[in-house]
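Visitor:
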Amino acid sequence: MAAVVDSLPAEERTRAVARRRRGRRETRAALLFISPWIIGFLVFTAWPLVNSAYLSLTDYDVINDPNFVGLDNYRQLFEDPKIATSLGNTLFYAAVQVPLYVLVSLALAMLLNKAGRAAGFFRTAFYLPNMTPPVAVGVLLLLVFNGQNGLINEVLGFFGIDGPNWTTDPNWVKPAIILTSLWSVGSSMIILLAALRNVPQELYDAARVDGANGWQRTVRITIPMISGALFFVVVINTIAAFQTFTEAYTAFFGSGNTTYGNEAALFYVIYLFQQAFEFLNMGYASAMAWVLFVIILLITLVQLRVSKRLVYYEGEQR
């Protein structure tokens with residue numbers, strides 16, 4: 001680069017040197033402004049990641065120094081029956097909860113998109129539950145889905161339906177948790193509503209002129225035009241589903257109760273938490289955390305690969 005600058009005429013060489021100095025000053029200023037984030041990332045993200053990778057290769061109980069055991073923790077994962085149980089519960093939860101969550105979010109967003117002046121009120125009303133602390137949502141789960149006098153069974157009883165024991169029957173524990181997760185559907189609804197507001201009205205007008213009905217307009221126009229936002233909501237909620245913890249732990253494990261359907265509510269992160277902070281198996285818990293990271297990474301990569309065929313971005317050449 002210096003040789004190129006030296007070969008320029010004197011006036012151009014002066015301007016080039018001045019631009020290079022200005023670029024260096026701007027780079028230093030930019031680094032100075034983002035240095036708090038860089039320091040925070042290194043201290044609170046990068047270092048814990050590296051330390052966790054090391055601890056996953058050790059036998060560490062917080063009290064004593066880590067004892068290097070190699071891949072023993074990872075081998076133990078394949079022998080622990082609760083790993084299969086917790087991972088199976090988590091996969092089932094994610095496979096059912098994410099599509100249901102996205103469908104409900106989309107349905108509410110489409111309704112609000114037609115609400116006119118009242119949209120602002122309902123948008124706030126649907127989003128407010130997101131402000132509820134997750135621990136309170138876990139308590140709400142026990143109250144609403146109580147098999148004896150819970151709100152859900154009271155409503156079902158009004159129609160002559162004998163509701164199940166949601167919180168004690170292992171077959172109904174996960175459905176109860178999945179339905180409770182819809183309490184926070186407002187955040188995704190806001191994202192999809194914003195995407196719907198950006199769909200050009202001219203497309204719908206042209207479709208009506210061509211005789212397209214409501215379903216055809218939704219499938220041919222609405223879904224493709226908001227597919228980017230839908231994909232974002234799916235990815236974010238898939239990651240969140242694999243990390244579900246607070247509500248289920250509060251409802252079924254927070255009091256130390258080890259009976260009544262806990263096996264059905266034992267999600268992977270709950271078991272990870274138990275290993276780390278109840279049994280003090282930090283090395284084993286770190287190995288569990290890295291396995292979860294790999295699972296989420298692989299699923300996200302598959303979603304990204306699929307999105308290339310299903311997601312439409314405006315201005316993209318097809």
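In terms of full-length UniProt numbering, the sequence shown is residues 1 to 318.
All residues carry an ideal CB built from backbone N, CA and C; glycine is no exception.
Taking a contact to mean a Cβ-Cβ separation below 8 Å, would you say Val173 touches Ala265 in this structure?
Guide: Yes, Cβ-Cβ distance for Val173 and Ala265 is below 8 Å.
Visitor: Leaving aside the five residues before and after Val102 along the sequence, list all residues of the same chain whose C-beta is less than 8 Å from its C-beta, in chain order.
Guide: Excluding positions up to five away in sequence, the list reads Ser188, Leu230, Val233, Val234 and Asn237.
Visitor: Starting from Lys308, trace the alpha helix (DSSP H) both ways and give me its first and last residue.
Guide: Note, Lys308: alpha helix (DSSP H), Met282 to Leu310.
Visitor: Are the C-beta of Pro36 and some C-beta of chain D separated by less than 8 Å?
Guide: No chain D is present in this structure, which holds just one protein chain.
Visitor: How do the region 129-143 and the region 236-254 stand: do at least 3 beta-carbon pairs fall below 8 Å, yes or no?
Guide: Short answer: they touch.
Visitor: Is Ile226 near Leu203, with beta carbons less than 8 Å apart?
Guide: No, the pair does not count as a contact, with Cβ atoms beyond the cut-off.
Visitor: Report the option in Val155, Asn149, Asp65 and Leu182 whose CA atom is closest to the CA atom of Thr167.
Guide: Selected option, being the one with the closest Cα: Asn149.
Visitor: On the criterion of 16 or more Cβ atoms from any shown chain inside 10 Å, does Asn51 qualify as buried, or is it exposed?
Guide: So Asn51 ends up on the exposed side.
Visitor: With DSSP as the reference, identify every bridge partner of Thr58, one or two as the case may be.
Guide: Paired residues: Phe68.
Visitor: With a cut-off of 8 Å on the beta carbons, I'd call Leu77 and Met288 a contact; round off their distance for me.
Guide: Rounded, the Cβ-Cβ distance is 7 Å, consistent with contact.
Visitor: Counting beta carbon pairs with one atom in the region 262-281 and one in the region 86-96, are three or more of them shorter than 8 Å?
Guide: Contact between the region 86-96 and the region 262-281 is present, because at least three Cβ pairs lie under 8 Å.
Visitor: Assess, as a yes-or-no matter, whether the region 299-311 is touched by the region 120-127 under the definition of 3 or more beta carbon pairs within less than 8 Å.
Guide: No contact exists between the region 120-127 and the region 299-311.
Visitor: Tell me which residue opens and which closes the alpha helix (DSSP H) that Leu272 is part of.
Guide: First-last of the alpha helix (DSSP H) with Leu272: Tyr268 to Phe273.
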